[in-house]
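All residue numbers for the sequence shown refer to the working numbering, where the first residue is 1 and numbers rise by one. Report on the following structure.
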Amino acid sequence: MRLDDHPTVLKVRASATSQEREEPLNTTWLKELCKKAGADDVGFVSIERPEIADQKADILSILPETKTLISIVSRMNRDAVRTATRSIANHEFHETYTSVNETARHIVKELEAIGIPAVNAVAAFPMEVQDFPGKSWPVSHKPIAEAAGMGKIGFHRNVIHPKFGNFILLDTILIGAAVTDDTKPLDYNPCVECKLCVAACPVEAIGPDGSFNFSACYSHNYREFLGGFLDWTEQVADAKDKHDYREKVSDGEVVSMWQSLSFKPSYKAAYCISVCPAGEDVISPYLEDRVGFAERHVKPLQQTAETIYVLPNSDAETLVPSRFPAKTVKQVRWNVGAKDIFSYLFNITLTFQRRKAGDLNATYHLRLTGDMPLEATITIAQRRIEIEFGLTGDPDLVIEATSEAWMGAFEQGFELESALKTGDIKLEGPFDLFHRLADCFPTYGDIN
Ligand code: B12
Ligand code: SF4
Numbered sequence: 001m002r003l004d005d006h007p008t009v010l011k012v013r014a015s016a017t018s019q020e021r022e023e024p025l026n027t028t029w030l031k032e033l034c035k036k037a038g039a040d041d042v043g044f045v046s047i048e049r050p051e052i053a054d055q056k057a058d059i060l061s062i063l064p065e066t067k068t069l070i071s072i073v074s075r076m077n078r079d080a081v082r083t084a085t086r087s088i089a090n091h092e093f094h095e096t097y098t099s100v101n102e103t104a105r106h107i108v109k110e111l112e113a114i115g116i117p118a119v120n121a122v123a124a125f126p127m128e129v130q131d132f133p134g135k136s137w138p139v140s141h142k143p144i145a146e147a148a149g150m151g152k153i154g155f156h157r158n159v160i161h162p163k164f165g166n167f168i169l170l171d172t173i174l175i176g177a178a179v180t181d182d183t184k185p186l187d188y189n190p191c192v193e194c195k196l197c198v199a200a201c202p203v204e205a206i207g208p209d210g211s212f213n214f215s216a217c218y219s220h221n222y223r224e225f226l227g228g229f230l231d232w233t234e235q236v237a238d239a240k241d242k243h244d245y246r247e248k249v250s251d252g253e254v255v256s257m258w259q260s261l262s263f264k265p266s267y268k269a270a271y272c273i274s275v276c277p278a279g280e281d282v283i284s285p286y287l288e289d290r291v292g293f294a295e296r297h298v299k300p301l302q303q304t305a306e307t308i309y310v311l312p313n314s315d316a317e318t319l320v321p322s323r324f325p326a327k328t329v330k331q332v333r334w335n336v337g338a339k340d341i342f343s344y345l346f347n348i349t350l351t352f353q354r355r356k357a358g359d360l361n362a363t364y365h366l367r368l369t370g371d372m373p374l375e376a377t378i379t380i381a382q383r384r385i386e387i388e389f390g391l392t393g394d395p396d397l398v399i400e401a402t403s404e405a406w407m408g409a410f411e412q413g414f415e416l417e418s419a420l421k422t423g424d425i426k427l428e429g430p431f432d433l434f435h436r437l438a439d440c441f442p443t444y445g446d447i448n
């Protein structure tokens, strides 16, 4: 049969709805469509906007026709997210993830029906995790939401909506059409810098100076997600017998893992979101009685008796027993392994421990030799770390090392003296600064 005579071709050609559409799409109409589909708020960002330039290539690899991004906001029920009964809070997170994805799918269907290419970039999991620990999220919703005027990133690094506060989850739809009007970013940040998020986080992932300790949040809050699951399977594999296993993992932990695998994974905390008073709909009780607000919403979380997962020699390990006597710490392994020296250097920014850095103020020149030669400058000052490629500024210590020796330098059992003897590491400057640098990180490697 000739293609021109095929029933599909004949039907399409005879059809009046030959998928013609007017472009640019009218944003009043599009906003109405999104709200009808269930979005609580919505904004539009052109693919050409500078705020999202670093994401453009990733976005076009998902949908090459993309011209506009629709940022979708879905509200969570506040008291469910706030309660110290975290199974209820977790249910609220998961139900909202499901509903924001359903809203986005519905919008995509409507757009596809009128001939507009569209893809829901998905609110959370599933992600591209097969490349773990590489970047697994196809699209970063937070910067898109900020560009679309849906809110601003607050002290705790979550987007705070001007009205709904941080009790929202985000999603992005990529569409192959231009729109009449882009929405503009907010001209203020709804975060009131009360630092209740700092007070509530059991692992101080949000530093009082606004820094974010990725490894602290990831090791505790995400115990029953990616890396924590790898660690748990290794505990099973390494156990000599059931008694040995029971010593390492409590029945409650096993059952909790079962629940996460059977239903949806449980966040261990997410307390930063629970306690945030920002946003027009949220802030009144805080304005009326700040102490009372903290008693009601922060204290119950601080006083919850629970296991807190920490990396060996991390800030959290030291901090939890003194700040939260009701909580018990348990060491876990850092398993966001690095495949090459670039990801290794990035990895150390994720595991930097600000309190352990203390008053260290030093510039390190790192010269890596061998298969993966590289030069980098590491600066530690005011409890923050910065890494730049190339050698800049006056170094306090020059470290020359083979890439392998350098990658092993923070592992359990590393001995500087032997590395200096073999010549795998050479230092120019006070040796003490090498130890001070290593002390800024938790101990990587196996837990005894
Ligand atoms: C990666 C991720 C995380 C990471 C990093 C968090 C972070 N601050 O970025 C971890 C696992 C720690 C995490 C925790 C949580 N997350 Co989260 N997370 C994401 C994800 C997938 C991407 C975030 C992102 O864009 N990061 C890049 C830039 C924009 O953020 P950044 O702060 O500058 O970067 C930090 C990290 O991302 C990290 N990083 C950057 N690049 C890379 C690359 C690699 C390989 C690695 C390992 C790390 C890493 O280093 C940076 C410095 O700390 C998004 C979903 C999505 N697809 O967008 C949800 C998202 C940001 N998470 C969300 C939520 C709710 C949470 C939690 C409350 C847990 C929960 N119940 O869901 C906690 C809150 C922790 C906090 N205070 O930030 C919501 C936030 C909603 C809002 N109102 O803003 C999002 C948007 C999901 C959604 N669909 O709504 N999350
Ligand atoms: S709890 Fe306070 S400091 Fe933290 S994000 Fe919310 S408003 Fe900002």
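Heads up, the beta-carbon is just placed ideally off N, CA and C, and yes, glycines get one too.
Three-state secondary structure (DSSP) of residue i
i: L120; result: Note that residue 120 is Asn in the sequence shown here, rather than Leu. Strand at N120.
i: K330; result: strand
i: G408; result: helix
i: D507; result: Here the chain covers residues 1 to 448 and nothing more, so residue 507 does not appear.
i: H161; result: strand
i: F225; result: coil
i: H365; result: strand
i: T402; result: strand
i: A14; result: helix
i: I378; result: strand
i: E388; result: strand
i: L345; result: helix
i: S314; result: coil
i: Q19; result: For Q19, the predicted model reports a pLDDT of 49, less than 50, meaning its position is unreliable and no value from the coordinates is stated.
i: T8; result: helix
i: T180; result: coil
i: V320; result: helix
i: K339; result: coil
i: E234; result: helix
i: I114; result: coil
i: N448; result: Annotation note: pLDDT 48 at N448 (below 50); position unreliable, coordinate value reported separately. Of the three classes helix, strand and coil, the one that applies to N448 here is coil, per DSSP.
i: V73; result: strand
Assumed close pair residue i, residue j - CB separation to whole angstroms, cut-off 8 angstroms
i: R75; j: D40; result: 5 angstroms
i: V275; j: V291; result: Rounded, the Cβ-Cβ distance is 14 angstroms, inconsistent with contact.
i: V119; j: S219; result: Actually they do not touch by this definition, with Cβ atoms about 33 angstroms apart.
i: F441; j: Q353; result: 6 angstroms
i: V159; j: L170; result: 6 angstroms
i: K330; j: Y309; result: 6 angstroms
Own chain residues within Cβ distance below 7 angstroms of residue i, not counting five before or after
i: T349; result: I385 and I387
i: C197; result: F155, H156, I206, C272, V275 and C276
i: N448; result: Only weak support is given to the placement of N448: the predicted model assigns it a pLDDT of 48, under 50, and the question is left unresolved by the model.
i: H94; result: K264
i: D424; result: A401, T402 and A405
Minimum C-alpha distance to residue i - residue among the options
i: P185; options: K152, A338 and G445; result: K152
i: L360; options: D432, R367 and I88; result: D432
i: L63; options: I47, L25, T180 and A419; result: I47
i: T422; options: A405, D181 and Y309; result: A405
i: A362; options: H94, F352, C217 and T377; result: T377
i: E428; options: K242, I399, W334 and C191; result: I399
i: A269; options: E146, V122, P24 and H91; result: H91
i: C201; options: N221, D244, K67 and Q382; result: N221
i: R82; options: E295, D340, R223 and K11; result: E295
i: E253; options: A237, R223 and F263; result: R223
i: I72; options: C217, E32, D79 and V12; result: E32
i: G279; options: P442, L261, A14 and K163; result: K163
i: T98; options: R78, P126 and T85; result: P126
i: F44; options: L30, Q382, M407 and A53; result: L30
i: D340; options: A316, W334, A14 and L368; result: L368
i: P143; options: D187, A53, N77 and N213; result: A53
i: T328; options: C217, N335, V336 and E317; result: E317
i: Q259; options: K36, F229, Y245 and K356; result: F229
i: S256; options: D281, P285, D238 and F225; result: F225
i: I116; options: K242, I107 and R436; result: I107
i: S314; options: N335, V249, K356 and A199; result: K356
Neighbourhood of residue i by C-beta distance below 8 angstroms, restricted to the same chain and skipping five residues each side
i: D371; result: S403
i: S87; result: S266
i: S343; result: P133 and G134
i: R49; result: A147 and D182
Proximal residues to residue i (C-beta, below 6 angstroms), its chain only, five neighbours per side dropped
i: S18; result: Per-residue confidence for S18 stands at a pLDDT of 46, beneath the threshold of 50, marking its modelled position as unreliable; no derived number is given.
C-beta neighbour in chain B for residue i, strict 9 angstroms
i: Y364; result: In the structure shown, chain B does not exist; there is a single protein chain.
For the pair the stretch 230–242 and the stretch 340–348, tell me if three or more CB-CB distances fall below 8 angstroms.
no
Any contact between the stretch 410–418 and the stretch 319–333? By contact I mean 3 or more CB pairs, one from each, below 8 angstroms.
no
Three CB pairs or more closer than 8 angstroms across the stretch 162–180 and the stretch 102–114
yes
So does the stretch 304–319 actually touch the stretch 126–143, counting three or more Cβ pairs closer than 8 angstroms?
no
Decide if the stretch 50–70 is in contact with the stretch 138–147; the criterion is three or more beta carbon pairs, one per stretch, under 8 angstroms apart.
yes
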